[in-house]
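Visitor: Each residue of the sequence shown is one higher than the last, beginning at 16 in my numbering.
Note that CB positions come from ideal geometry on N, CA and C, so glycine has one too.
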Amino acid sequence: MSFWDNFWNIIWLFFWSFAFIAYLFALFSIISDLFRDHKLNGWWKALWILFLIFVPFLTALVYLIARGPGMAERSQRDAKQAQSAADQYIRQVAGTSPADEIAKAKALLDSGTITQAEFDHLKSVALGHQATAPTSPAAPTA
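#1: Taking the alpha carbon of Leu12 as the point to measure from, which residue in Ala97, Ser44, Leu28 and Ser32 has its own alpha carbon closest?
#2: Do you know offhand how far Ala101's Cα is from Trp19's?
#3: So for His53, helix, strand or coil by DSSP?
#4: What's the gap between the Cα of Phe72 and the Cα of Pro84?
#5: Considering just the uninterrupted stretch of the alpha helix (DSSP H) at Gly85, what are its terminal residues?
#6: Pair every Cβ in the region 48-61 with every Cβ in the region 87-98, then say whether three or more of these pairs are closer than 8 Å.
#7: Our contact map puts Leu67 next to Leu42 with C-beta atoms below 8 Å; I'd like the distance itself, whole angstroms only.
#8: To the nearest angstrom, report how far apart Lys95 and Ile129 are at their CA atoms.
#9: Put Ser179 into one of helix, strand or coil per three-state DSSP.
#10: Going by the beta-carbon positions, is the gap between Ala141 and Ile117 smaller than 8 Å?
#11: Quick one: grab the DSSP three-state call for Ser112.
#12: Tell me the rounded alpha-carbon separation between Tyr38 and Gln103.
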């Protein structure tokens, strides 16, 4: 075999490898879109899956042409829902801001519940200048 025969065989190998990987990406996106679509009946989903198994390339092409725009809409909708759920979770577990903590401590100081020293301690903790372990002024020093 000459160099050029091997060269073109390698080019064909890369081409068919690329085509196969592209088909797998399309196949997985089609299957995920089928399960993402809540308006499509279960029997239609099963029929699409059967056709994807027995007539894969033609079915993938028909699906992408017939339901392609809906795929993008469903994907965007699910991405927005996932983002809003993540944002809500972050807001829930993040707690309050330092300004909120200081405002709460100021309200406690104004009502007379805490002393000025305790307020200063809470303020420094909220601002991150001091560790959270409180120091008691009445604690004996040894």
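Guide: Once the coordinates are examined:
#1: It is not possible to answer for residue 12, since the shown part of the chain is limited to 16 through 157.
#2: The residue labelled residue 101 in the question sits at position 86 within the sequence shown. The residue labelled residue 19 in the question sits at position 4 within the sequence shown. Cα to Cα, the separation comes out at about 54 Å.
#3: Position 38 of the sequence shown, counted from the first residue, corresponds to residue 53. Correct three-state label for His53: coil.
#4: Translated into the one-based positions of the sequence shown, residue 72 becomes position 57. Translated into the one-based positions of the sequence shown, residue 84 becomes position 69. Roughly 19 Å between the two C-alpha positions.
#5: By 1-based counting over the sequence shown, the position of residue 85 is 70. Residues Pro71 to Ala109.
#6: yes
#7: To locate residue 67, count along the sequence shown from 1; it is residue 52. To locate residue 42, count along the sequence shown from 1; it is residue 27. Rounded, the Cβ-Cβ distance is 7 Å, consistent with contact.
#8: In the sequence shown, counting from the first residue as 1, residue 95 sits at position 80. In the sequence shown, counting from the first residue as 1, residue 129 sits at position 114. Cα to Cα, Lys95 sits roughly 44 Å from Ile129.
#9: The structure shown does not extend to residue 179, since the chain is modelled only from 16 through 157, so no value can be given for it.
#10: Residue numbering aside, residue 141 sits at position 126 when the sequence shown is read from its first letter. Residue numbering aside, residue 117 sits at position 102 when the sequence shown is read from its first letter. Yes, the pair counts as a contact, with Cβ atoms nearer than the cut-off.
#11: On the sequence shown, position 97 is the one that residue 112 refers to. Ser112: coil per DSSP, three-state reduction.
#12: As a working note, residue 38 is residue 23 in the sequence shown. As a working note, residue 103 is residue 88 in the sequence shown. Those two C-alpha atoms are separated by around 36 Å.
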